[in-house]
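Residue numbers (this note's numbering): 94 to 231. Read the structure below first, then the notes.
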């Protein structure tokens with residue numbers, strides 16, 4: 094009983110609270126340098142699966158098999174400037190990817206490279222809908 098009277102240090106309380114929050118909403122987040130001078134931000138979040146048509150038993154297994162994910166990558170590249178990539182899982186083996194750039198010339202270079210990138214993804218049997226953002230980044 095004596096041990097319960099003592100509170101753990103504040104820094105441990107905040108660490109435990111942070112870990113519990115991560116368990117409640119699975120999000121992977123990283124921010125740092127991809128390479129020296131190339132800042133990068135990456136976030137991947139599980140999106141809750143909702144199927145209003147199926148409330149039957151076994152839907153939990155189906156839910157686990159059909160988890161959906163959303164991701165965001167922001168990085169600054171020497172020749173292209175600021176780039177943003179939005180990722181979204183359509184199914185377990187099919188992704189939607191939208192690339193945006195802050196510079197018109199960078200947008201054009203990416204648009205020109207998209208066919209080759211699509212070809213490389215297809216050659217590896219990866220199902221990815223790859224598109225350029227309609228507007229340049231602000």
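Built from N, CA and C at the ideal position, the CB exists for glycine as well.
Excluding sequence positions up to five away, which residues of its chain have a Cβ less than 8 Å from the Cβ of residue 187? 220, 221, 222
Residue 126 to residue 106 span [Cα, whole Å]: 29 Å
Which one of 198, 141, 228, 164 has the shortest CA to CA distance from residue 123? 164
Determine, using beta carbons only, whether residue 166 and residue 135 come nearer to each other than 8 Å. yes
Which of helix, strand or coil does DSSP assign to residue 172? coil
Where do the ends of the beta strand (DSSP E) carrying residue 223 lie? 220-225
From residue 160 to residue 205, what does the alpha carbon distance come to, in whole angstroms? 33 Å
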